[in-house]
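Undergrad:
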Amino acid sequence: MRLLIAVATLLLLGQPAFAQSFTDPKALLEALYAGYMPPNDYPPDETPLQSERLNGLFEKDQQEASGDIGRIDFGPYINGQDYQVSDLVIGEPYLAGGKAVVKVTFRNFDTPQELGFLLVDEDGWKIDDVWGGSSDYSYDLLDILQSPLP
Numbered sequence: 003m004r005l006l007i008a009v010a011t012l013l014l015l016g017q018p019a020f021a022q023s024f025t026d027p028k029a030l031l032e033a034l035y036a037g038y039m040p041p042n043d044y045p046p047d048e049t050p051l052q053s054e055r056l057n058g059l060f061e062k063d064q065q066e067a068s069g070d071i072g073r074i075d076f077g078p079y080i081n082g083q084d085y086q087v088s089d090l091v092i093g094e095p096y097l098a099g100g101k102a103v104v105k106v107t108f109r110n111f112d113t114p115q116e117l118g119f120l121l122v123d124e125d126g127w128k129i130d131d132v133w134g135g136s137s138d139y140s141y142d143l144l145d146i147l148q149s150p151l152p
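Positions 3 to 152 (the numbering used here) are the ones given, in order, by the sequence shown.
Below, the structure is given as structure tokens:
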């Protein structure tokens, strides 16, 4: 029984706690990326970190895909399917009218990444959009989720 309690405690401590409300935009993004970095083996459940609109679009995508891959076939917060995040830098937020825009840079394996985040204040900061890409392609999460299924 003690072993079970110890294992459960370690598992809970290894995952970021998202039940809190984020009063600082940078703290929200720090919590998001903490789930992608050691000692965590799996990406975080991003649902509590996302806006109502974004969660609704993800839910709609899953329903319309009917068990198949929907509009998103990669992790938009890491710009890839696999990840090994390092050199994370979360920029200073630009705040205006209950919204924040934040630049995030990091390396995913050896590839430099630069993403932009739109955050909204819904009783605490939440992710409402992310965009990024490379010289070969770019993406905007809201545009992808609002487009017709491929």
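Where is the CB? At the ideal position from N, CA and C, for every residue including glycine.
Do S53 and D130 have their C-beta atoms closer together than 8 angstroms?
TA: For S53 and D130, yes; Cβs fall inside 8 angstroms.
Undergrad: Between the alpha carbons of L121 and F24, how many angstroms are there, rounded?
TA: The straight-line gap from Cα to Cα measures roughly 11 angstroms.
Undergrad: With respect to the alpha helix (DSSP H) encompassing E124, which residues constitute its N-terminal and C-terminal limits?
TA: Neither: E124 is in no alpha helix (DSSP H) and is coded neither H nor E.
Undergrad: Tell me S140's beta-bridge partners as DSSP assigns them.
TA: DSSP output for S140 lists G135 as bridge partner(s).
Undergrad: Please classify I92 as buried or exposed, where buried requires at least 16 neighbouring CB atoms within 10 angstroms.
TA: Buried is the call here.
Undergrad: I'd like the list of long-range same chain contacts for G135, defined as Cβ closer than 8 angstroms, with 5 residues on each side in sequence excluded.
TA: Counting only Cβ-Cβ distances below 8 angstroms, and skipping sequence neighbours, we find N81 and Y141.
Undergrad: Check the C-beta distance from V106 over to Y38 and give it rounded, since I have them as a contact under 8 angstroms.
TA: The Cβ separation is near 11 angstroms, so there is no contact.
Undergrad: Rounding to the nearest angstrom, what Cα-Cα distance links A29 and P152 in this structure?
TA: Each residue's Cα considered, the two are about 35 angstroms apart.
Undergrad: Closest by CA to D145, which one among P78, L31 and L34?
TA: The shortest C-alpha separation from D145 is found at P78.
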